Structures are given as structure tokens and as C-alpha cells.
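*Asks:* I am attaching a structure below and will ask some questions about it afterwards.
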Amino acid sequence: MSSLPTSSRVTQREFGGGAPGVDGARSGLIRLHGLNKSYQSGGAALHVLKDVELTIREGELVSIMGSSGSGKSTLLNILGLLDDYDTGSYHLADTLIWNLGERRAAQYRNRFIGFVFQSFNLLAFKTALENVALPLYYQGVPRKERNRLALEYLRKVDLEDRAQHLPSQLSGGQKQRVAIARALIAKPRLLLADEPTGALDSETSLQLMDLLRSINAQGITMVIVTHEPDIAERTDRIITLRDGRVQRAAS
Amino acid sequence: MDTWQEVFEVLRRNKLRAGLTASSVAWGIFLLVLLIAAGNGLRHGVEWEFRDDATNSISLRRGKTSLPYQGHGPGRPVNFENVDLEALRAEVPGVDHMTGRFFLWGGTQISRGQRSAAFDVRGCQPDHQFLEQTIILSGRYINELDLSERRKVAVIGTAVKAALFAEAEDAIGQMINIRGVNFRVVGLFDDVGGDGELRRIYVPLSTAQSMYKGANQMHQIWFTTGAASVAESEDMVTRSRQIIAARHHFDPNDRRAVQASNNLQRFSQLMDIFDWVRTFVWVVGVGTLLAGMVGVSNIMIISVQERTLEIGVRKAIGATPASIVRMILLEALLLTSLAGYLGLVAGVGLVEAFRRYLPENDYIRDPSVDVRVALVATLILVVAGALAGFVPALAAARVRPVVAMRDAHG
Numbered sequence: 001m002s003s004l005p006t007s008s009r010v011t012q013r014e015f016g017g018g019a020p021g022v023d024g025a026r027s028g029l030i031r032l033h034g035l036n037k038s039y040q041s042g043g044a045a046l047h048v049l050k051d052v053e054l055t056i057r058e059g060e061l062v063s064i065m066g067s068s069g070s071g072k073s074t075l076l077n078i079l080g081l082l083d084d085y086d087t088g089s090y091h092l093a094d095t096l097i098w099n100l101g102e103r104r105a106a107q108y109r110n111r112f113i114g115f116v117f118q119s120f121n122l123l124a125f126k127t128a129l130e131n132v133a134l135p136l137y138y139q140g141v142p143r144k145e146r147n148r149l150a151l152e153y154l155r156k157v158d159l160e161d162r163a164q165h166l167p168s169q170l171s172g173g174q175k176q177r178v179a180i181a182r183a184l185i186a187k188p189r190l191l192l193a194d195e196p197t198g199a200l201d202s203e204t205s206l207q208l209m210d211l212l213r214s215i216n217a218q219g220i221t222m223v224i225v226t227h228e229p230d231i232a233e234r235t236d237r238i239i240t241l242r243d244g245r246v247q248r249a250a251s
Numbered sequence: 252m253d254t255w256q257e258v259f260e261v262l263r264r265n266k267l268r269a270g271l272t273a274s275s276v277a278w279g280i281f282l283l284v285l286l287i288a289a290g291n292g293l294r295h296g297v298e299w300e301f302r303d304d305a306t307n308s309i310s311l312r313r314g315k316t317s318l319p320y321q322g323h324g325p326g327r328p329v330n331f332e333n334v335d336l337e338a339l340r341a342e343v344p345g346v347d348h349m350t351g352r353f354f355l356w357g358g359t360q361i362s363r364g365q366r367s368a369a370f371d372v373r374g375c376q377p378d379h380q381f382l383e384q385t386i387i388l389s390g391r392y393i394n395e396l397d398l399s400e401r402r403k404v405a406v407i408g409t410a411v412k413a414a415l416f417a418e419a420e421d422a423i424g425q426m427i428n429i430r431g432v433n434f435r436v437v438g439l440f441d442d443v444g445g446d447g448e449l450r451r452i453y454v455p456l457s458t459a460q461s462m463y464k465g466a467n468q469m470h471q472i473w474f475t476t477g478a479a480s481v482a483e484s485e486d487m488v489t490r491s492r493q494i495i496a497a498r499h500h501f502d503p504n505d506r507r508a509v510q511a512s513n514n515l516q517r518f519s520q521l522m523d524i525f526d527w528v529r530t531f532v533w534v535v536g537v538g539t540l541l542a543g544m545v546g547v548s549n550i551m552i553i554s555v556q557e558r559t560l561e562i563g564v565r566k567a568i569g570a571t572p573a574s575i576v577r578m579i580l581l582e583a584l585l586l587t588s589l590a591g592y593l594g595l596v597a598g599v600g601l602v603e604a605f606r607r608y609l610p611e612n613d614y615i616r617d618p619s620v621d622v623r624v625a626l627v628a629t630l631i632l633v634v635a636g637a638l639a640g641f642v643p644a645l646a647a648a649r650v651r652p653v654v655a656m657r658d659a660h661g
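Protein chains in written order, with our numbering: chain Z, 1 to 251; chain E, 252 to 661.
Here you go:
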């Protein structure tokens, strides 16, 4: 597994069972080198990320911390192929991510990366089951198979009995677990979480962290953006961003 | 299949938005169908008014001179004679069917045994049948032999038969008495012109002239103009007046001496008006279609805007731009075609109901819609709807997930 899957179906693996790839183990699943990103904001350029150097090995559970405006969300978006960067380089599983084009970026996201958002971002008019099944729809998996897998993943996050509920009928913690099931159903190698506990109370937050840790233990590389120290403490390594620069990259 | 299911699902879960779009499309098509039907109905109404006589006919009526001419003062009556008729037939180019008409004015008492009633009696020639569009139900019409032999034969309308004969009785071959003279009934006719025309009796022109002090005169000369244009038919009126003026010594420009009524001209004037009505209907129709298009695109734009988050999420979990465009286009297509079809069915249904239950009147008759026209209109709106959805769909496909989610959550 030295390169990203392209248009073919992602290699079927057990839930979270992706063993660290050979290349990933040697050189890091994620490698950022001298990466810069700025936004045009009212005529003035806002330099958000400055010469970011970062390596994340396959199977790692890292957190990115930083005050608001430190660039952590931008970094996560770039890692998730949701945004592009100006200069430098980003290698994901030894593939240079540059000028992918919308279509290929979408395919990589679909088959390689799972997302968990602070605000859950479930589709309000779809049931929990349909939300979880949605990534498979974009892989062309038949409806029956989709729903079967979706139910299986809902079981993994202990929400099988809520399958036919709409998001509005679920609590915050339940919504985030649905979102996690949705992120995992495409069997990603990388899970990116943007303030996954930001909208949850502290007890639910800790439960969710336990869930994320158990998923990570099954081999899925995980990057969590947070500003809560007690969440960050539960990760293997904390990367702190300050004014767009990586402050410290040690656990 | 799966894509359609997804589209159905989205529409089902967003009923208000779907309903608004659908109703604007359905309404547009509905109005268009009604408009076209109303236009056709008006047109058919006019055509119906003209249906019972040949539309390309000119009738000349004798009058009195109104202009002095070669020492004659005005006020002289003009007579149409048999030779005038023959002169017109020979000298006016383009004359097709032609007949003289001799009227026994003011309801003539007709009797048969104990039964009697008043009817119009008209002397005419064989071509009169074509000009009046008389339909022979049984027997025959007046023929040339009747004319040359001045036979006492009559062709009677169904209302005349009903008044003078028992219901089961066959009128053909029976005698009726017209002002003291017995006529043999040789034909029974119907006429779509209405009851008044069915209360008529036609007899040979020559018979009428000789028996009722007509000598060789007649009241009207009536002829068709063949394939002549409106301008040519007007020339024929002028030419006819000149010929008669020369024979009877009056000013050829004296319109009162020979009063002409050009059916073709009246008909084509009305048809001109209805061409305008038709154009108007189409202009309004196209406007309605445009309004429908604007409505659809408006709602599609709003729909895409309020779905920015949804689209962002879909893209984050792997939707390609093409799949987003496809989804939104299919929604627009499905919605507009379903709604267009509904509007079409409702419109055609209402028009059919009108056709069936509309009381007979002189203005609107047989309103109808060419289903092909309505289908094409629907198709145009559907395509327009899809096009209208295309621009916002492209915009949606360009939505960056990050921006979408940031905007949606503030």
C-alpha cells in the first residue's frame, strides 16, 4: 500500500485493521515540508501557516492544539484535502498532494480519509442509518449492502437501536458517534477530527475519546484538533501551533 | 436507479421547497394550455359563424341610385335581370358558382290540406345549393331542367316538412300550395345555419319570376370567387358594378345602386384579427414560460444556497463535483417534468370539461389544445428548468467543503 487508491474500490480491510504500511512506517503516513498557506482577507494577505514541518506515522494518535487563529483548522483542512496550500509539500502515504483537482480529491477523501466535525454535520433529513451509509453511496455500493454495513458500523458505536432516528432525535454524543460511524464505514487509513468534543459536555467528551482511542488501537491513524488540554492529554503526541508555526512536536 | 432513489428521497424530505418549485411550473403550463385553448376557441367560434355559407362569396343586392348620371337624377331603382346575370358570368373573371335570388318577401302562406304555415320562398338556380351550403337529406335540389321548363317544384327545409307533414310521412312527391299554386316537393334539406334557414322553400328562379310577377328580374346575384385573393375579390365587386352600371346607365361608382357584401373580405378581416389573437396568445405563452423558467431557476438557486452545508458534507465524504451537479440537475428535471405533466393534465382536463359543459354561444366554440403543442411547451419548460438548475448546480459543485461548513456554522 505504497500509494493512494485511485478510482478502484478501496482495498477491503477489517474494521480499523489496516496494518501500518511499510512505507508509512519508514517515512510517515503524513509528511509536511516547508508548507505555507495564506488567505486573502480584505486585500491583505493573512499568513496562516508558516513553514510547517510535520510527520505523522501510520497508526499514531496525535492532537493539534493552539489558540483560535493559530492555524490548526486550516492545517486539518489541508491534511483532509479540503483546502490547498501555497508552497512547500504534503505527502500522504508517499503521494505528493498537489493540484489534485476536485474529482481526485473527492475520491481520495472518500476512500482514504474519514472526517469528524465539531458540529457533527449530519444531513438533517436522513436517518442515522442513511447518514452512515452515505459515503458508500458515493463509492457505488448497492443500497442493500450499504444499509447492511451501515447497521454494522452503528453497532460498533453502540447505536444500532437508533438506526431509524433522524439526527434531531439524537443527543449530541449520539450524533457524534453516528458521525464517527460514517467516517469509518469507508475504511479510511486516516481519521481527521475537528474539535470532535467541542459541542459535548465533559463526561460525554471523555466517553467519545475512549471510543476514538479504541478505534485508533485498531490501527487507524488519527489527528484530532482540539483546544481542550484534557482531550489532548489522551493522545500519543501533542502538536502545538502558535501563529502558524509548529511549536513543539514531542509527546 | 440508486441515483433516482437518492433524488426521490431528497425531494420527499424537502416537501415545501419541492412543492413551491413544482407549483410554479405546473401553474405556468396550466395557464399556457388555457390560453391556447381560449385562442382556439375564439377562432373556432368565428369559423362557426361563417360555416353555413361559402366563405368566398360575394352577394350583390339591387338598390337605388344615389348619384346623378348623364342627366338622370338620383333615386332611380336598379333592376337585376337575367341578362345582367349572364353578363356578369361572362365578363367578370374568376366567377365560380353563381345564382340569382328571387325573394317572396314577408312570410308566404303555404298550405297542404288542413295544415298551413308561413315560410320564406326563394327562387334560385342550382348553384345556390353550393353557395348556401344546403344539405339534401332526400330527393334532389333544383336542377337546370326545372329552370328551363319552369317546373313547379319545391325543395323544402326540415322545419317546413315538420309543419306540413306528419312525422312518418314522406314529403317527396307530395304537393304543397304556395299562394294558390301547387308545387311538387322534390327535395328535403338541412342547413347548419340554424332554424331560420330550415323554414325556407326553394323553387326554380324562372318559375318564381313567371308566377309572382317577377318577369325576368331578381333581387340578388350571388357568386363565389374561387381561389381569388381578397384584393382580387374586391376587383370583382368593382367590375360587377361597372358592368351593371353600363347596362343600366348609372355611375359605376354608385355603391348604393348595387350594394355588395364581400364575405371573403369580412372573413379574412376576422381571420386577420385572429392571427393577431394567436400571436398574442403565443407572446403571452412564451412570457408565461419565461416566468416559469425564472421561477424554477430562482428556487433552484435558493435551494442550492440553503443546501450549502449539505453539499459541503457530501463533498467531504467523497462526492465528486460531477455527482453534485448530477444530483441537483436530476432534482430539477424530475420536479419540472412531474409538475409540467400535472399542469398539462389539469389544463387539458379543464379544457375538455369546458368543451363538454360550455353552453353554446357565439364567441367561444370547441376550445381545444393541440396536445403536441402542449407537450412541446412542457418539454421546453423541463429543459429550461434543467438549464436553470444547471448554473446553481455548477456553483454548488464548486463549493469548498470548508467554506460551506464554516458559513453554515458561523
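Every residue gets a Cβ at the ideal spot worked out from N, C-alpha and C, and that includes glycine. The model shown is predicted, which means the values in this text are computed figures rather than measured ones.
1. To which residues does DSSP link T359/E through a beta bridge?
2. If you draw a straight line from the alpha carbon of D347/E to that of T306/E, how long is it in whole angstroms?
3. Grab me the residues of S119/Z's own chain with a C-beta within less than 6 angstroms of its C-beta, minus the 5 sequence neighbours each way, in chain order.
4. Can you tell me the Cβ-Cβ gap for V178/Z and A128/Z, rounded? I've got them flagged as a contact below 8 angstroms.
5. On a CA-only basis, which of V642/E, F605/E, A590/E and L388/E is nearest L262/E? Give me that one, please.
6. Could you tell me the alpha carbon to alpha carbon distance between A508/E and A466/E, rounded to whole angstroms?
7. Alpha helix (DSSP H) containing Q380/E: first to last residue?
8. Got a sec? Which residues, its chain only, sit under 6 angstroms from S554/E by beta carbon, not counting five neighbours each side?
9. Whose C-alpha, out of S275/E, A646/E, A635/E and W473/E, is nearest the C-alpha of R688/E?
10. Give the DSSP-derived three-state secondary structure of S205/Z in the structure shown.
11. Whole angstroms are fine: how far does the CA of Y137/Z sit from the CA of E145/Z?
12. Going by beta carbon distance, what residues of the same chain come within less than 6 angstroms of R366/E, once the five residues before and after it are set aside?
13. Return the CA-CA distance between R326/E and D421/E, expressed in angstroms with no decimal places.
14. Can you round the beta-carbon distance between S38/Z and D86/Z to whole angstroms, since I take them to be within the 8 angstroms contact cut?
15. Hey, does L241/Z have any beta-carbon neighbour from chain E nearer than 7 angstroms?
16. From what residue to what residue does the alpha helix (DSSP H) around N333/E run?
17. Starting from G279/E, follow the alpha helix (DSSP H) in both directions and report where the run begins and ends.
18. Apart from the five residues just before and just after L636/E, which ones in its own chain have a Cβ nearer than 6 angstroms to its Cβ?
19. Which residues bound the beta strand (DSSP E) around K37/Z?
20. On a CA-only basis, which of F518/E, H499/E and I309/E is nearest Y320/E? Give me that one, please.
21. Do you know how far the Cα of A639/E is from the Cα of E448/E?
22. Would you check if there are 3 or more beta carbon pairs closer than 8 angstroms linking the region 387-395 of chain E to the region 433-444 of chain E?
23. Any C-beta of chain Z within less than 8 angstroms: which residues of the region 554-576 of chain E qualify?
24. For P652/E and chain Z, any beta-carbon pair shorter than 7 angstroms?
25. Under 6 angstroms: does the beta carbon of F331/E sit that close to some heavy atom of the ligand ZN?
26. Flag this pair as yes or no: are the beta carbons of R450/E and A410/E separated by less than 7 angstroms?
27. Below 9 angstroms between beta carbons is the criterion; list the residues of the region 258-270 of chain E that meet it against any residue of chain Z, in chain order.
28. In terms of alpha-carbon separation, which member of R565/E, M578/E and V627/E lies closest to Q107/Z?
29. In terms of alpha-carbon separation, which member of L560/E, K266/E, R490/E and A459/E lies closest to F117/Z?
30. If R492/E sits next to P455/E, beta carbons under 8 angstroms apart, how far is it from one beta carbon to the other, in whole angstroms?
31. Quick check on the DSSP output: the beta strand (DSSP E) that includes N513/E runs from which residue to which?
32. Which chain E residues are close to N110/Z, counting only those with a beta carbon under 9 angstroms from its beta carbon?
33. Indicate the three-state DSSP secondary structure (helix, strand or coil) for V534/E in the structure shown.
34. In whole angstroms, give me the CA-to-CA distance for D253/E and G140/Z.
35. Rounded to the nearest angstrom, what separates D502/E and P377/E at their Cα positions?
36. Whose C-beta lies closer than 6 angstroms to the C-beta of D486/E among residues of the same chain, with five residues either side of it excluded?
*Replies:* Answer, in terms of the structure:
1. Looking up residue 359/E in the second sequence gives position 108. Bridge partners of T359/E: F370/E.
2. Here residue 347/E is taken as the residue at index 96 of the second sequence, counted from 1. Here residue 306/E is taken as the residue at index 55 of the second sequence, counted from 1. D347/E and T306/E have their C-alpha atoms spaced approximately 13 angstroms apart.
3. Along the first sequence, read from residue 1 onward, the residue named residue 119/Z stands at position 119. Nothing meets the Cβ criterion.
4. For the purposes of this step, residue 178/Z is taken as residue 178 along the first sequence, with counting starting at 1. For the purposes of this step, residue 128/Z is taken as residue 128 along the first sequence, with counting starting at 1. With a Cβ gap of about 5 angstroms, V178/Z and A128/Z count as contacting.
5. Position 11 of the second sequence, counting from 1, holds the residue named residue 262/E. Ranking V642/E, F605/E, A590/E and L388/E by CA distance to the CA of L262/E puts A590/E first.
6. By one-based count along the second sequence, residue 508/E stands at place 257. By one-based count along the second sequence, residue 466/E stands at place 215. The alpha-carbon atoms of A508/E and A466/E are separated by roughly 20 angstroms.
7. The sequence position of residue 380/E within the second sequence is 129, counting from 1. Secondary structure note for Q380/E: its alpha helix (DSSP H) is the uninterrupted segment H379 to E383.
8. On the second sequence, position 303 is the one that residue 554/E refers to. Counting only residues of its own chain and dropping the five nearest sequence neighbours on each side, S554/E has a CB closer than 6 angstroms to the CB of R268.
9. No answer is possible for residue 688/E: the residues shown for chain E start at 252 and end at 661.
10. Your numbering for residue 205/Z matches position 205 in the first sequence. It is helical.
11. Position 145 of the first sequence, counting from 1, holds the residue named residue 145/Z. Position 137 of the first sequence, counting from 1, holds the residue named residue 137/Z. As the crow flies, the alpha-carbon of E145/Z is around 10 angstroms from that of Y137/Z.
12. Working through the second sequence from its first residue, we reach residue 366/E at position 115. Same-chain partners within the cutoff: L415.
13. By 1-based counting over the second sequence, the position of residue 326/E is 75. By 1-based counting over the second sequence, the position of residue 421/E is 170. Checking the sequence shown, residue 326/E turns out to be Gly, not Arg. Looking at the two C-alpha atoms, the distance is approximately 49 angstroms.
14. Residue numbering aside, residue 38/Z sits at position 38 when the first sequence is read from its first letter. Residue numbering aside, residue 86/Z sits at position 86 when the first sequence is read from its first letter. A Cβ-Cβ distance of about 6 angstroms is found for the pair S38/Z and D86/Z, placing them in contact under the 8 angstroms criterion.
15. In the first sequence, residue 241/Z corresponds to position 241, counting from 1. No, no contact with chain E.
16. Looking up residue 333/E in the second sequence gives position 82. It spans N333 to E342 - the alpha helix (DSSP H) in which N333/E sits, taken as one unbroken run.
17. For the purposes of this step, residue 279/E is taken as residue 28 along the second sequence, with counting starting at 1. Unbroken alpha helix (DSSP H) run through G279/E: K266 to E300.
18. For the purposes of this step, residue 636/E is taken as the residue at position 385 of the second sequence. Looking at the sequence shown, residue 636/E is not Leu but Gly. Answer for G636/E: V547, A583 and T587, listed in chain order.
19. Taking the first residue of the first sequence as position 1, residue 37/Z is located at position 37. For K37/Z, the enclosing beta strand (DSSP E) stretches over residues I30 to S41.
20. Position 69 of the second sequence, counting from 1, holds the residue named residue 320/E. Looking at F518/E, H499/E and I309/E, the one whose alpha-carbon comes closest to that of Y320/E is H499/E.
21. Against the second sequence, residue 448/E aligns to sequence position 197. Against the second sequence, residue 639/E aligns to sequence position 388. Those two C-alpha atoms are separated by around 58 angstroms.
22. Three or more beta-carbon pairs drawn from the region 387-395 of chain E and the region 433-444 of chain E are found closer than 8 angstroms, and the two stretches are therefore classed as touching.
23. Listed in chain order, the positions of the region 554-576 of chain E with a beta carbon within less than 8 angstroms of a beta carbon of chain Z are L560, E561, G563, V564, R565, K566, A567, I568, G569, A570, T571, P572, A573 and S574.
24. Stepping through the second sequence from its first residue, residue 652/E is reached at position 401. Contact with chain Z is found for P652/E, since one of that chain's Cβ atoms lies less than 7 angstroms from the residue's Cβ.
25. This structure simply doesn't include the ligand ZN, nor any ligand for that matter.
26. Here residue 450/E refers to the residue found at position 199 when the second sequence is read from its first residue. Here residue 410/E refers to the residue found at position 159 when the second sequence is read from its first residue. Judged by their CB atoms, R450/E and A410/E are nearer to each other than the 7 angstroms cut-off.
27. Result list: E260, V261, R263, R264 and N265.
28. Within the first sequence, residue 107/Z is the residue found at index 107, counting from 1. It is R565/E whose Cα lies nearest to the Cα of Q107/Z.
29. Translated into the one-based positions of the first sequence, residue 117/Z becomes position 117. Checking every option, the nearest Cα to that of F117/Z belongs to L560/E.
30. Residue 492/E sits at position 241 when you count from the first residue of the second sequence. Residue 455/E sits at position 204 when you count from the first residue of the second sequence. R492/E to P455/E, Cβ: 27 angstroms. No contact.
31. Locating residue 513/E in the second sequence gives position 262, counting from the first residue. That run of the beta strand (DSSP E) goes V509 to N513.
32. Residue mapping note: residue 110/Z aligns to position 110 of the first sequence, counting from 1. Near N110/Z (Cβ distances below 9 angstroms), the residues of chain E are I568, G569, A570 and T571.
33. Taking the second sequence and counting its residues from 1, the one referred to as residue 534/E is at position 283. Looking at V534/E - three-state DSSP - the assignment turns out to be helix.
34. By 1-based counting over the second sequence, the position of residue 253/E is 2. By 1-based counting over the first sequence, the position of residue 140/Z is 140. Distance between the alpha carbons of D253/E and G140/Z is about 9 angstroms.
35. Looking up residue 502/E in the second sequence gives position 251. Looking up residue 377/E in the second sequence gives position 126. Between D502/E and P377/E, the alpha-carbon positions lie close to 32 angstroms from each other.
36. Numbered from 1 along the second sequence, position 235 holds the residue referred to as residue 486/E. Same-chain partners within the cutoff: there are none.
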